[in-house]
Each structure stands twice: as C-alpha cells, then as structure tokens.
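Have a look at the structure below before the remarks.
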Amino acid sequence: MSIYGVPFHLVTFFIVLFELFLLVVQYVEYLKRPREKQRLWQLILLVLVILRNTVEGAFQIPNPDWPISLLLQNFLGQGFGYIVASYFPLYWYKTLGLRQLKPHGTYGFLFLIVPVIFVYGLIYPINQDIMEARKYVYVIPFFYGITMITHVTKSTFSQYRKDKNKMAFQERLLLLMAIVPWMSAPFNGIGLGQPQWVIDISLNTGFFILNVLFIRQIVKRTREEDNERDRLKTNLSDKEKGIACLEKEKEEQRYAFKKALNALKQNNTDPTLVFEFNCQLYKFSPAEIRVVKQVRLGLQNKEIAAQFGRSTRTIESHMTTIYSKADIKKDKDDSSMRAKLMKKLNMMPENIDKF
Numbered sequence: 345m346s347i348y349g350v351p352f353h354l355v356t357f358f359i360v361l362f363e364l365f366l367l368v369v370q371y372v373e374y375l376k377r378p379r380e381k382q383r384l385w386q387l388i389l390l391v392l393v394i395l396r397n398t399v400e401g402a403f404q405i406p407n408p409d410w411p412i413s414l415l416l417q418n419f420l421g422q423g424f425g426y427i428v429a430s431y432f433p434l435y436w437y438k439t440l441g442l443r444q445l446k447p448h449g450t451y452g453f454l455f456l457i458v459p460v461i462f463v464y465g466l467i468y469p470i471n472q473d474i475m476e477a478r479k480y481v482y483v484i485p486f487f488y489g490i491t492m493i494t495h496v497t498k499s500t501f502s503q504y505r506k507d508k509n510k511m512a513f514q515e516r517l518l519l520l521m522a523i524v525p526w527m528s529a530p531f532n533g534i535g536l537g538q539p540q541w542v543i544d545i546s547l548n549t550g551f552f553i554l555n556v557l558f559i560r561q562i563v564k565r566t567r568e569e570d571n572e573r574d575r576l577k578t579n580l581s582d583k584e585k586g587i588a589c590l591e592k593e594k595e596e597q598r599y600a601f602k603k604a605l606n607a608l609k610q611n612n613t614d615p616t617l618v619f620e621f622n623c624q625l626y627k628f629s630p631a632e633i634r635v636v637k638q639v640r641l642g643l644q645n646k647e648i649a650a651q652f653g654r655s656t657r658t659i660e661s662h663m664t665t666i667y668s669k670a671d672i673k674k675d676k677d678d679s680s681m682r683a684k685l686m687k688k689l690n691m692m693p694e695n696i697d698k699f
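For the sequence shown, the numbering used here begins at 345 and goes up steadily by one.
The following block contains the structure:
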C-alpha cells in the first residue's frame, strides 16, 4: 500500500497504529504519575520504536524523485534502527535495577552510534554500496550486543542469588528475550535475506513483550498502591474511632466527676461520697473503680479476680495503675500500699470549693 505516494507495507502500517495507541495510553498513565521515571523511559522507547517503524517503512524503497538525497534515504531506510538500538543500554540500566549495568548505561550507546556515523557518514558516501555498508555497520554492534547480553545475563543471575526475588528474575529474563530480535535484525536482513515486513514483525514482537511486562508492572504497582491506600484508610478509621472513644470516655469522666462533686458538696460527711469523689479526682477508670471498691471491702487480688471472672494478673495490672494514679510509692509490703491507698481515698480533699 502507499500513503500520499509513500510505499508502506500493510503489516508495518498496522504495527505503527497499534503502537500509537500504546503511546497514548501510556502517556496518560505517565501524566497521572509523573514521578515514576520508569514510565518515562518506556515512553521514550515507544517513541523511538514508532519512529523506526515509520522512517524505515517509508524509506525502504529509495525514490529519486523525492527532494532528499538517495544516500540519506538509504540511511533512513537501513540504518535508523541503530539509533533505537543505541537506547537499549540506557533503557536496561534504568529499568532492570542492576547497578552493574551502569557502564553500559553511560557508554554503551557509543558502540552502536559511532559505527553508524563512520559507515554511513564516510564509507557509504564513497562507495555508495548500501549492502556493503550494512555488512560493515553490523560488525561492532554485533559483538557489543553479545557482550552486553552476556553481562546482563550474569548480572541478572547474580542479583537473583542475592535477593531470591523470583518474579523480578523472570521479568529480567523476559526483557532479555525481548531484546534478542533487535540484535539479530541485521542478520535476518543481510544473512537470511528476509523482507522488511518479516523483520518488522520479529522486532516488534519483542517490543510488544516489553510493553506487556511494563503494563504488568503497572497493574501490580497500582494494586499494591490500592492495597496500601485501603490499609491507610482502615488505620485512619480505627484511629478516628479510637479518638472518638477516648473523647466519649473523657466526657463520661467529666460527668461522673461533676456528679460526685455535687453529691459531696451536699453531704460532705458521708465517707462513701468522699471515697467516690476521690476515685474521680484521681481519674480512675470504671474498671479500676470497681476493683478499688473491692479493695475497700478488704478483698485480696485473687478474690477480686474470682468475683469478676478475670485473671489475677489482670487485677494486679489494675492495681499497679491505681497506685500510680494515686501517687502511692512502690513498697514490698502490698498491705502497706493498700492501707496508704485507702487512707488517701477516704480523706476529705482540701478546698473542695475550688473545684
């Protein structure tokens, strides 16, 4: 088929359309989370692949009638893929999370770009033999590709031995497999003589695998974020309920204090009213008041525990809190501490009118 007079294979055309759809979807996702740099690296790769498919598809057959030199048309039709490939070392370093790949991420592109500039900028303009240029330009990138893949593979297995993260290990291996078609594309075109549309399918199949992996990571990360958000909401709700309970408890304590105070002011000779007011004054909880009333009756911790159906340890814990609130100093003799507590609770407070 042809678009505005430019020959374009139907397979390549539909591949570009699908990739444009992916670009729109992923760009929208990137706008939602601009801080996630991994999305940005994926977007750059997607744009480069679309450019490669469009440019090499449009200039696959040079046309002398176009206002572009045949030399440039041949480069665009045969060598533009190396520009995309030169991005892979940086892409791998940024997305695989392997520090060992930093040298490739920093300098790897030179092994792919420099041969292209040298061959298409110097050798090809001299001999004007596109097939010979394609053979020469493939040599250094081919050996660098083997070196890079070997290094990435070793780093992947080394990282797995350290962190035992099976899912991350599988994703890294799939990323490796997705890049292999890009490294073998020149061999398919030169050595095996495959047509361009076959090469396009092999290249973009690997790229589609990359996008599936990336979308899988997005879904996984989004699910984790949703779970974390739900957990935070639950915690916030629990805290709000806890705060509401505390406020309710404080309000009940204020009401009980005022009630005990009013009763004591009306009859300040009743020892029971004095005792109950002091319990409120020292801010005993309802459970602690029930316990201290039994202490007033002369019951021991075991007897109180049996009466309330609680463990002795629970009653002892209440007593520790009661002593602390009433400012009773710790003593080895528990009976002495009880006596001091009862003395405080049965004592009429001074200046009751100040309350």
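Here a beta-carbon is modelled for each residue, glycine too, at the ideal position from N, C-alpha and C.
None of these values were measured; they are calculated from a predicted model.
What's the C-alpha gap between K687 and F619? Distance between K687 and F619, taken at the CA atoms: about 10 Å.
I'd like the ranges of any alpha helix (DSSP H) spanning at least 4 consecutive residues and lying wholly in the region 380-458. DSSP runs (the alpha helix (DSSP H)) wholly in the region 380-458: 381-402, 414-422, 424-429, 432-440, 446-451.
Can you have a look at Y488 and say buried or exposed, based on whether 16 or more other CB atoms are within 10 angstroms of its CB? buried
Counting pairs of beta carbons, one from the region 383-402 and one from the region 358-370, are three or more of them closer than 8 Å? yes
Taking the alpha carbon of N407 as the point to measure from, which residue in N397, L395, R396, G421 has its own alpha carbon closest? G421
What three-state label does DSSP hand F628 in the structure shown? coil
Of the residues A607, V563, Y468, L442, the one placed nearest L414, counting alpha carbons only: Y468
Can you give the beta carbon distance from T439 to G401, rounded, assuming they're within the 8 Å contact cut? A Cβ-Cβ separation of about 27 Å leaves T439 out of contact with G401 under the 8 Å criterion.
Are A522 and I553 close, meaning C-beta to C-beta below 8 Å? yes
Within the same chain, show all residues whose beta-carbon is closer than 7 Å to that of L536, passing over the 5 residues directly before and after it, in chain order. Low confidence applies to L536: its pLDDT is 47, below 50, so where it sits in the model is not reliable enough to give any reading.
Inter-residue spacing [alpha-carbon to alpha-carbon] between R516 and Q444: 14 Å
Given 8 Å, three or more beta-carbon pairs between the region 492-509 and the region 463-480: no
Across the region 477-485 and the region 455-468, are there enough close Cβ pairs to call them in contact, namely three or more that are closer than 8 Å? Verdict: yes, contact present.
Have a look at W436 and Q417 and give me their C-alpha separation to the nearest angstrom. 30 Å
Beta carbon of I490 nearer than 8 Å to that of P459: no
Using only alpha-carbon positions, find the residue among L375, M492, N548, K676 that is nearest to F358. N548
In three-state terms, what does DSSP make of N611? coil
Which residue marks the beginning of the alpha helix (DSSP H) containing P485, and which one marks its end? 474-507
Take every Cβ of the region 601-615, pair it with every Cβ of the region 628-637, and state whether three or more of those distances are shorter than 8 Å. no
Separation of I412 from W385, as counted between CA atoms: 32 Å
What does a CB cutoff of less than 8 Å around Y371 pick up in its chain, not counting 5 residues either side in sequence? L387
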